[in-house]
Each structure stands twice: as structure tokens, then as C-alpha cells.
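Heads up: the sequence shown begins at 0 in numbering that gives the first Met the number 0, then just goes up one per residue. This report refers to the structure that appears directly beneath it.
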Amino acid sequence: MRLTLRMTMLGIFLLLGWAGMSLGETIVIDFEGFGLESDGFDFSNPGDTLVLVTRVTNMVAPQPDFPYFPDAPNEYTLVVTGLISNGEMVDGIMSTIIYNLGTLALYEDASMNSTWDEYPYVETPPSTFVDGSLWLFGDFTDFTMVLFRDLGMGSFEGHVTLTGGSAFDFFSEEGYTFGGTLIPPHNPDIPDGYHLSLDGELWVEEPVNADESSWSSLKALY
Numbered sequence: 000m001r002l003t004l005r006m007t008m009l010g011i012f013l014l015l016g017w018a019g020m021s022l023g024e025t026i027v028i029d030f031e032g033f034g035l036e037s038d039g040f041d042f043s044n045p046g047d048t049l050v051l052v053t054r055v056t057n058m059v060a061p062q063p064d065f066p067y068f069p070d071a072p073n074e075y076t077l078v079v080t081g082l083i084s085n086g087e088m089v090d091g092i093m094s095t096i097i098y099n100l101g102t103l104a105l106y107e108d109a110s111m112n113s114t115w116d117e118y119p120y121v122e123t124p125p126s127t128f129v130d131g132s133l134w135l136f137g138d139f140t141d142f143t144m145v146l147f148r149d150l151g152m153g154s155f156e157g158h159v160t161l162t163g164g165s166a167f168d169f170f171s172e173e174g175y176t177f178g179g180t181l182i183p184p185h186n187p188d189i190p191d192g193y194h195l196s197l198d199g200e201l202w203v204e205e206p207v208n209a210d211e212s213s214w215s216s217l218k219a220l221y
């Protein structure tokens with residue numbers, strides 16, 4: 000059964016230190032798409048795998064030579080795979096899901112062929128979203144989702160270490176914080192095979208102490 004709530008992901012990449020970027024200069028990556036969990040998302044069981052499949056809709060960066068070329072034309076796709084659930088812990092109306100492992104990959108592709116018509120599987124995300132050149136890559140060190148299922152909303156936060164990709168040098172440092180929110184309303188247009196609708200941003204800002212990040216830094220889009 001699909002969970003037809005709208006998932007808004009406010010991804011925050013908080014740069015731990017980069018001499019090449021001054022205070023207040025920010026890389027912003029906008030994206031939208033869908034997500035799925037291996038046994039559906041009515042309840043997250045131990046061993047379930049979470050996958051997020053999205054298209055990048057815009058990037059803004061302070062560097063004049065930032066390698067984003069949508070008019071080439073190129074499309075950019077962001078895919079999160081391999082987040083393994085430890086199981087859903089329920090406390091009253093709040094559920095907490097802690098995930099292990101997981102990777103983030105962002106691709107650049109001149110074929111402009113990504114499509115939601117290709118049915119997704121957690122083992123093999125749609126090939127049209129991962130057939131470009133690897134633009135950015137990283138590994139999650141932790142990932143936690145908090146849900147209020149009765150309200151159809153929640154939030155998540157994790158940490159990712161960037162390790163490669165053709166644009167890696169423009170991000171420089173490896174340690175980032177990744178966070179977001181889940182917000183209604185219901186979305187009747189989720190394609191077959193998906194359980195969540197995604198709409199949000201990723202951004203990089205320097206300098207920020209990772210210990211200072213909190214839920215208060217996240218804002219609702221609606």
C-alpha cells in the first residue's frame with residue numbers, strides 16, 4: 000500500500016570548513032521526485048531498504064565556474080540508495096526509524112531520458128536516473144526519520160561524507176549534515192511503485208559547527 004502523503008525534503012548540507020567559500024556563500028540544489036521502501040511504508044520493519052529517486056530542478060552557486068550546465072542540455076538526477084531500517088519504534092503518535100548505511104549519488108546526463116514510467120525496485124532504481132556521469136557521491140554515516148503518521152508528516156536528519164564525483168572539488172570538504180521534513184497534503188499522482196512524494200532543497204554553507212545543527216534550523220515549505 001502506498002503512503003500518499005507529500006514528502007518535502009529540506010536537505011541541509013552544512014559545510015564543516017572550506018577556505019574557498021566565505022561566510023554566507025551558499026550552494027543550493029533544488030530537486031523533486033519520489034521514494035520507496037522495500038516492504039511498503041505503512042510500517043518500517045528491520046532490514047527494509049529506503050530509496051529516494053529525484054530530478055534536480057535547479058542549482059545556484061557562488062563560483063562562476065560551477066559545473067552546472069542545464070542548457071547544454073543536461074539533466075541532473077539525485078538518487079539515495081541502500082538506507083537499511085533498524086525498524087520503526089513507536090512512542091504514542093510519534094514513530095522513529097533509524098537507518099544504517101546508504102549512499103547519495105548525483106548524476107549529469109545529456110540524454111534527458113529520466114522517466115517515472117520505469118517501475119522502481121530498491122535493488123535497481125530506474126536505470127534512466129543513474130545512466131549519466133557521476134557528478135557527486137557520498138556515504139551516509141547515520142540517518143534518522145521521525146514520523147507522525149496520524150498527521151501525515153515528519154522529519155529526518157543524517158550525516159553524509161562526500162567522497163567523489165566530477166564536481167567534488169567544488170564542495171571540497173567531506174563532512175556534511177543532511178536533514179529534512181515530511182509534510183502533507185496527500186499526493187494522488189505518485190507513480191506506481193513509489194510510496195512518498197519528494198520536493199525540497201540541498202544546500203552547502205560555510206562555516207557551521209555540526210554540533211550546532213538542530214531541528215530549529217529546518218523550516219516548513221507549506
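Built from N, CA and C at the ideal position, the CB exists for glycine as well.
- Closest in alpha carbon position to GLU36, among TRP134, GLU87, PHE169, is GLU87.
- Counting along the chain, ASP141 sits inside the beta strand (DSSP E) bounded by residues 132-147.
- For the pair PHE170 and LEU161, the CB atoms are nearer than the 7 Å cut-off.
- Of all C-beta pairs linking the stretch 56-64 to the stretch 104-111, fewer than three are shorter than 8 Å, placing the two stretches out of contact.
- Counting the other CB atoms within 10 Å of its CB gives TYR118 a total below 16, which places it among the exposed residues.
- Under DSSP, THR102 forms a beta bridge with THR80, ASP138.
- In the three-state scheme derived from DSSP, where H, G and I count as helix and E and B as strand, SER196 is classed as strand.
- Under the three-state reduction of DSSP output, PHE167 falls in the helix class.
- Using a Cβ-Cβ distance cut-off of 8 Å, the stretch 128-146 and the stretch 92-103 are in contact, since at least three pairs of beta carbons, one from each stretch, lie closer than that value.
- Comparing alpha-carbon positions, the option among ALA166, TYR75, PRO63, ARG148 lying closest to LEU195 turns out to be ARG148.
- A direct Cα-Cα distance of roughly 25 Å separates LEU51 from PHE65.
- Rounded to the nearest angstrom, the Cβ distance from LEU77 to PHE30 is 5 Å, consistent with a contact under 8 Å.
- Ranked by Cα distance from MET93, the options PRO190, PHE155, TYR120 are led by PHE155.
- Its chain contains ASN44, ASP47 as the residues whose beta carbon lies nearer than 8 Å to that of ASP38, once the 5 sequence neighbours on both sides are disregarded; these appear in chain order.
- Per the DSSP secondary-structure output, ASN57 pairs in a beta bridge with ASP29.
- Comparing C-alpha distances from HIS158 to each of SER132, LEU201, ALA166, GLY164 shows the shortest one belongs to LEU201.
- Of the other Cβ atoms in all chains shown, 16 or more fall within 10 Å of the Cβ of THR127; this residue is therefore buried.
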